[in-house]
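A.B. asks:
2 protein chains.
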Amino acid sequence: MANGANVITIKDIAKELGVSINTVSRALNNKPDVSPITRDRILESANRLGYVPNTLARSLVAGETCTIGLICSDLVNPFYARIAQGVEETARSNGYTTIIASTNEDDITERQAVDLMRSKRVDGIVISPTQQSHDHISRLLQDHIPFILVNRHVEEFQTAYVINNNQHGAYLAVQHLVSLGHKHITHITGPLRISSVKERINGYRQALQEKDIPFDPNLVIHSDLTLECGYKTTLKLMKTKTPPSAIFAYSDHLAIGAIKAIRELGLSIPGDISLAGYDDIEYAQFLDIPLTTVRQPMYEIGQRAFNHLIEIIQLNDLNPKKHQEILEPELIIRESTGRVTGKISHFPYTENPA
Amino acid sequence: MANGANVITIKDIAKELGVSINTVSRALNNKPDVSPITRDRILESANRLGYVPNTLARSLVAGETCTIGLICSDLVNPFYARIAQGVEETARSNGYTTIIASTNEDDITERQAVDLMRSKRVDGIVISPTQQSHDHISRLLQDHIPFILVNRHVEEFQTAYVINNNQHGAYLAVQHLVSLGHKHITHITGPLRISSVKERINGYRQALQEKDIPFDPNLVIHSDLTLECGYKTTLKLMKTKTPPSAIFAYSDHLAIGAIKAIRELGLSIPGDISLAGYDDIEYAQFLDIPLTTVRQPMYEIGQRAFNHLIEIIQLNDLNPKKHQEILEPELIIRESTGRVTGKISHFPYTENPA
DNA sequence: CTGTTAGCGCCTTCAT
DNA sequence: ATGAAGGCGCTAACAG
Chain G
404 MANGANVITI
414 KDIAKELGVS
424 INTVSRALNN
434 KPDVSPITRD
444 RILESANRLG
454 YVPNTLARSL
464 VAGETCTIGL
474 ICSDLVNPFY
484 ARIAQGVEET
494 ARSNGYTTII
504 ASTNEDDITE
514 RQAVDLMRSK
524 RVDGIVISPT
534 QQSHDHISRL
544 LQDHIPFILV
554 NRHVEEFQTA
564 YVINNNQHGA
574 YLAVQHLVSL
584 GHKHITHITG
594 PLRISSVKER
604 INGYRQALQE
614 KDIPFDPNLV
624 IHSDLTLECG
634 YKTTLKLMKT
644 KTPPSAIFAY
654 SDHLAIGAIK
664 AIRELGLSIP
674 GDISLAGYDD
684 IEYAQFLDIP
694 LTTVRQPMYE
704 IGQRAFNHLI
714 EIIQLNDLNP
724 KKHQEILEPE
734 LIIRESTGRV
744 TGKISHFPYT
754 ENPA
Chain P
404 MANGANVITI
414 KDIAKELGVS
424 INTVSRALNN
434 KPDVSPITRD
444 RILESANRLG
454 YVPNTLARSL
464 VAGETCTIGL
474 ICSDLVNPFY
484 ARIAQGVEET
494 ARSNGYTTII
504 ASTNEDDITE
514 RQAVDLMRSK
524 RVDGIVISPT
534 QQSHDHISRL
544 LQDHIPFILV
554 NRHVEEFQTA
564 YVINNNQHGA
574 YLAVQHLVSL
584 GHKHITHITG
594 PLRISSVKER
604 INGYRQALQE
614 KDIPFDPNLV
624 IHSDLTLECG
634 YKTTLKLMKT
644 KTPPSAIFAY
654 SDHLAIGAIK
664 AIRELGLSIP
674 GDISLAGYDD
684 IEYAQFLDIP
694 LTTVRQPMYE
704 IGQRAFNHLI
714 EIIQLNDLNP
724 KKHQEILEPE
734 LIIRESTGRV
744 TGKISHFPYT
754 ENPA
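Written out as structure tokens, the structure is:
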């Protein structure tokens with residue numbers, strides 16, 4: 404654009420044809436009040452010269468960009484990629500363009516991304532927030548910028564969101580492990596500031612409680628939500644004196660890291676240790692050991708997030724409660740979970756009953 | 404933006420402070436000729452009101468957007484996701500924003516994406532082309548819009564590109580299979596219009612030729628480049644009278660589909676059949692059977708593509724030859740390939756020597 | 001049916 | 001050091 408690019412404008416067309424620029428504008432926008440002959444000449448000319456409308460100028464006057472922003476932590480993570488796909492495809496089929504920004508779970512990057520989106524005057528934003536701070540969220544709220552949260556929600560404010568029922572999903576996974584006889588179940592998860600982390604811990608506790616298994620806070624390990632951290636955490640965990648007989652990982656990504664560690668230690672899944680994940684990313688079924696996991700509908704989350712957002716934008720709907728949606732997850736039992744064998748595990752609870 | 408969003412402009416700041424709008428503009432852009440006191444007042448006001456500059460307006464006058472476009476087939480595919488990450492992170496650290504569009508390997512969508520980018524007046528475009536048609540590419544060329552191809556290149560034109568040495572990569576993989584005793588090697592690949600498909604076939608032939616194994620065109624199967632197609636193609640292939648003893652898949656994604664099929668048929672890898680992929684996506688090492696594959700540096704491809712593009716943009720460099728780069732791939736041997744066993748394979752070549 | 005005028009938000013050039 | 005004028009490309013409102 405800055406270069407010597409051949410970018411032609413309606414002015415060029417107008418000049419060539421000896422008409423006024425807004426006759427050109429009207430013809431190009433299929434507005435009435437243009438004679439068929441003139442219209443044809445203009446269309447022909449535009450086509451021949453390779454006219455491409457300048458969206459910047461158009462948006463500047465229209466006051467809308469038909470563009471939405473999507474802010475999430477990591478597009479290389481298939482989980483977010485799938486949500487992004489849901490948002491993008493739905494947006495596109497509704498005439499909207501999506502701008503995506505990755506934050507790498509970094510607060511500053513997230514705030515910059517929000518500013519970027521705002522400076523580009525997107526009509527609305529979909530955010531999967533890092534939840535390290537939230538004044539940029541509250542600013543969106545007070546400036547009446549349409550936005551919706553996905554995966555996570557900020558308890559401090561009433562906002563629109565689309566999440567899955569994290570507590571119930573975690574409950575299903577842990578209940579499954581418990582039903583296989585596991586009592587010593589470690590939950591590897593992320594930072595406690597994240598709403599879904601909290602909710603899944605609640606589900607974990609709920610499932611234990613139901614079977615009168617005491618809750619041991621030491622069994623909840625807070626790492627970072629990366630494959631690498633899943634690997635390191637599991638490695639350390641399995642080398643302790645009392646390794647668990649089962650692991651419930653916050654995400655499939657974390658679980659994949661766990662698989663790597665378990666394999667490296669020469670242990671077998673589920674023979675030595677059972678493993679369950681969360682999300683059901685596409686690769687979960689192709690893994691070393693097909694992974695038992697809790698499926699959440701990523702694509703649909705993206706899709707519905709956009710649908711809510713578009714309503715907020717177009718109806719200028721300021722009541723967030725109408726746009727808070729919780730989708731139900733589903734337990735997918737594959738081969739990474741099995742009956743407790745006690746091969747490597749010590750059972751402190753039964754040995755030293757509370 | 405269309406809604407009642409509180410979006411404030413330099414005009415608002417000017418009005419509040421009783422100064423002219425371009426004093427505000429100068430202060431906000433750290434230009435000289437503003438008294439310290441005025442500058443402070445303006446900055447304070449901007450900050451307090453939550454001023455966010457309007458990039459649309461700024462770009463309109465500046466004639467550049469500091470935005471680039473990235474067009475590729477599928478962001479959910481970790482291969483493209485990784486390239487996208489390379490582009491996006493490099494762009495961001497250079498002050499550029501990236502707009503991404505997925506084409507699903509569809510020609511019309513690709514052309515629409517190009518038009519979208521052009522209408523948004525991106526400063527340049529990175530494209531992994533579908534190669535079904537190329538007049539949109541030639542239009543970029545004749546309109547002097549800076550762009551660079553990745554992964555694939557269009558032979559018809561001299562353009563900038565960053566690709567990997569596909570022929571050599573394929574050669575390495577097939578040479579490896581041949582060295583394990585395989586003679587009946589099927590190559591599952593994509594449509595012949597794609598440059599990398601052609602080049603990898605050449606590498607496949609080269610490796611066979613070197614060991615005087617006759618080339619049988621029937622062993623090159625053209626499917627689509629999706630996991631699903633890899634699955635279906637392999638299923639059909641393994642049910643024929645003369646299934647191969649090894650498969651070289653165009654991509655890891657295709658190979659994962661093949662794994663699914665092979666597993667479903669109750670066959671073992673590499674016991675019954677050896678399998679090699681291409682790309683080395685992150686999951687390749689965590690698969691059912693860790694996959695032997697040809698690693699190409701996806702992140703670096705994205706990174707270098709941006710670096711070339713920025714040169715083309717800033718130096719208005721119209722000599723594409725300086726921006727044609729071929730990166731070297733690397734064979735990664737894992738567990739999905741092994742010595743030929745002849746368990747399920749018939750060897751038409753040795754049985755019926757040519 | 002067509003042209004003129006004005007303005008979206010911002011920046012550049014030239015006066016003051 | 002500051003303001004006024006003009007224009008980026010486009011569209012809306014009005015005039016002819």
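If you read the protein sequences in the order shown, they are chains G and P.
Counting from 1 along the first sequence, just add 403 to a position and that's the residue number in our numbering.
Counting from 1 along the second sequence, just add 403 to a position and that's the residue number in our numbering.
Every residue, glycine too, gets a C-beta built ideally from N, C-alpha and C.
Specify the secondary structure class of CYS469 of chain G as computed by DSSP and reduced to three states.
C.D. replies: Correct three-state label for CYS469 of chain G: coil.
A.B. asks: Quick one, are the C-beta atoms of ALA652 of chain G and THR740 of chain G less than 8 Å apart?
C.D. replies: Contact: no.
A.B. asks: What residues from chain P crowd round SER522 of chain G, counting only those whose CB sits closer than 8 Å?
C.D. replies: Simply VAL455, PRO456, ASN457 and THR458.
A.B. asks: So the candidates are G:ARG442, G:ALA408 and G:SER536; which of them puts its Cα closest to the Cα of SER423 of chain G?
C.D. replies: For the residues G:ARG442, G:ALA408 and G:SER536, the minimum Cα distance to SER423 of chain G belongs to G:ARG442.
A.B. asks: Find the nearest neighbour of ASN450 of chain P within the set P:ILE604, P:LEU431 and P:GLN570, judged by alpha-carbon distance.
C.D. replies: Ranking the options by Cα distance to ASN450 of chain P, first place goes to P:LEU431.
A.B. asks: If the cut-off is 7 Å on Cβ atoms, which residues from the stretch 477–503 of chain P count as contacting chain G, listed in chain order?
C.D. replies: Of all residues in the stretch 477–503 of chain P, LEU478, VAL479, PRO481, ALA484, ARG485, ALA487, GLN488, GLU491, THR500, ILE502 and ILE503 have a Cβ within less than 7 Å of some Cβ in chain G.
A.B. asks: Does any C-beta atom of chain P lie closer than 8 Å to the C-beta of THR412 of chain G?
C.D. replies: No, its Cβ sits nowhere closer than 8 Å to a Cβ of chain P.
A.B. asks: Closer than 8 Å, CB to CB, is PHE689 of chain P near chain G or not?
C.D. replies: Yes, PHE689 of chain P lies at the interface with chain G (some Cβ there is under 8 Å from its Cβ).
A.B. asks: Could you name the residues of the stretch 707–736 of chain G whose beta carbon sits closer than 7 Å to any beta carbon of chain P, in the order they occur along the chain?
C.D. replies: Result list: ILE716 and ASN719.
A.B. asks: Determine, using beta carbons only, whether SER428 of chain G and ILE413 of chain G come nearer to each other than 8 Å.
C.D. replies: The answer is yes: Cβ separation under 8 Å.
A.B. asks: Shorter than 8 Å from the beta carbon of TYR346 of chain P to some beta carbon of chain G?
C.D. replies: Residue 346 of chain P falls outside the range modelled here, since chain P spans only 404 to 757, and no answer is possible.
A.B. asks: How about the stretch 585–593 of chain P and the stretch 622–633 of chain P: do they share at least three Cβ pairs that are nearer than 8 Å?
C.D. replies: They touch, by the three-pair rule.
A.B. asks: Compute the beta-carbon to beta-carbon distance between PRO647 of chain P and LEU630 of chain P, rounded to the nearest angstrom, for a pair I have assumed lies under 8 Å.
C.D. replies: In fact, because the Cβ distance is near 20 Å, the residues do not count as touching under 8 Å.
A.B. asks: Could you pull out every residue in the same chain whose Cβ sits closer than 6 Å to the Cβ of VAL517 of chain P, ignoring the five residues on either side in sequence?
C.D. replies: These residues qualify, in order along the chain: HIS539.
A.B. asks: Answer yes or no: does any C-beta atom of chain G fall closer than 8 Å to that of LEU640 of chain P?
C.D. replies: With 8 Å as the cut-off, LEU640 of chain P does not count as an interface residue toward chain G.
A.B. asks: Can you tell me whether ASN409 of chain P is buried or exposed, with buried defined as 16 or more other CB within 10 angstroms of its CB?
C.D. replies: With fewer than 16 Cβ atoms within 10 Å of its Cβ, ASN409 of chain P is classed as exposed.
A.B. asks: Going by Cα to Cα distance, which pick from G:ALA417, G:VAL553, G:LEU478 and G:HIS547 is closest to LEU727 of chain G?
C.D. replies: For clarity, residue 727 of chain G is Gln in the given sequence; the question names Leu instead. Cα-wise, what sits closest to GLN727 of chain G is G:VAL553.
A.B. asks: Between which two residues does the beta strand (DSSP E) holding PHE618 of chain P run?
C.D. replies: No beta strand (DSSP E) contains PHE618 of chain P, which DSSP labels as neither H nor E.
A.B. asks: Is there a Cβ of chain G sitting closer than 8 Å to that of SER505 of chain P, yes or no?
C.D. replies: At least one chain G Cβ lies under 8 Å of SER505 of chain P.
A.B. asks: Along the chain, where does the beta strand (DSSP E) containing HIS590 of chain G start, and where does it finish?
C.D. replies: Residues 588–592.
A.B. asks: Let's test the definition: count the other Cβ atoms within 10 Å of the Cβ of ALA649 of chain P and tell me whether it reaches 16, buried, or not, exposed.
C.D. replies: Flag for ALA649 of chain P reads buried.
A.B. asks: Since I believe PHE550 of chain G is in contact with ILE566 of chain G (beta carbons under 8 Å), could you give me their beta-carbon distance rounded to a whole number of angstroms?
C.D. replies: In fact, because the Cβ distance is near 15 Å, the residues do not count as touching under 8 Å.
A.B. asks: Count the other CB atoms, across all protein chains shown, that sit within 10 Å of the CB of GLN488 of chain P; report buried if there are 16 or more and exposed otherwise.
C.D. replies: By the 10 Å Cβ count, GLN488 of chain P comes out buried.
A.B. asks: Which residue spans inside the stretch 424–501 of chain G form an unbroken alpha helix (DSSP H) run of at least 4?
C.D. replies: Listed in chain order, the complete alpha helix (DSSP H) runs (minimum 4 residues) inside the stretch 424–501 of chain G are 424–431, 439–452, 458–465 and 481–496.
A.B. asks: Applying the 10 Å Cβ sphere with the 16-neighbour rule, what's the burial state of LYS586 of chain P?
C.D. replies: Buried: at least 16 other Cβ atoms inside 10 Å.
A.B. asks: Who are the near neighbours of GLN535 of chain G in its chain, counting only those whose CB is closer than 7 Å to its CB and skipping five residues on each side?
C.D. replies: Excluding residues within five positions, the ones whose Cβ falls inside 7 Å are ASP510 and ARG596.
A.B. asks: Can the beta-carbon of ILE503 of chain G be found less than 8 Å from the beta-carbon of LEU478 of chain G?
C.D. replies: Yes; because the gap between Cβ atoms is below 8 Å, this pair is in contact.
A.B. asks: Between ASP415 of chain P and chain G, is any beta-carbon pair separated by less than 8 Å?
C.D. replies: Cβ-Cβ to chain G under 8 Å: no for ASP415 of chain P.
A.B. asks: What is the rounded straight-line gap between the Cα of LEU721 of chain P and the Cα of ILE715 of chain P?
C.D. replies: Their Cα atoms are separated by approximately 7 Å.
A.B. asks: For a minimum of 4 consecutive residues, which ranges assigned as the alpha helix (DSSP H) are wholly contained in the stretch 613–677 of chain G?
C.D. replies: Correct list: 630–641 and 655–667.
A.B. asks: Tell me the residue span of the alpha helix (DSSP H) that contains LEU580 of chain G.
C.D. replies: Here the alpha helix (DSSP H) through LEU580 of chain G covers 569–582.
A.B. asks: Please identify, using Cβ separations under 9 Å, the residues of the stretch 542–556 of chain P that lie next to chain G, in order along the chain.
C.D. replies: For the stretch 542–556 of chain P, which is checked against every Cβ of chain G, the residues closer than 9 Å are ARG542, GLN545, ASP546, HIS547, ILE548 and PRO549.
A.B. asks: Can you tell which of P:PHE482, P:THR468, P:CYS475 and P:PHE709 has its C-alpha closest to the C-alpha of THR512 of chain P?
C.D. replies: Considering only alpha carbons, the answer is P:CYS475.
A.B. asks: Using a beta-carbon distance cut-off of less than 8 Å, what residues from the stretch 657–678 of chain P approach chain G?
C.D. replies: Per Cβ criterion, the list reads ILE659, ILE662 and LYS663.
A.B. asks: Does the separation of the CB atoms of ILE486 of chain G and GLY453 of chain G fall below 8 Å?
C.D. replies: Taking 8 Å as the Cβ cut-off, ILE486 of chain G and GLY453 of chain G do not qualify as a contacting pair.
A.B. asks: Quick one, are the C-beta atoms of VAL697 of chain G and ALA576 of chain G less than 8 Å apart?
C.D. replies: Yes, the Cβ-Cβ distance between VAL697 of chain G and ALA576 of chain G is below 8 Å.
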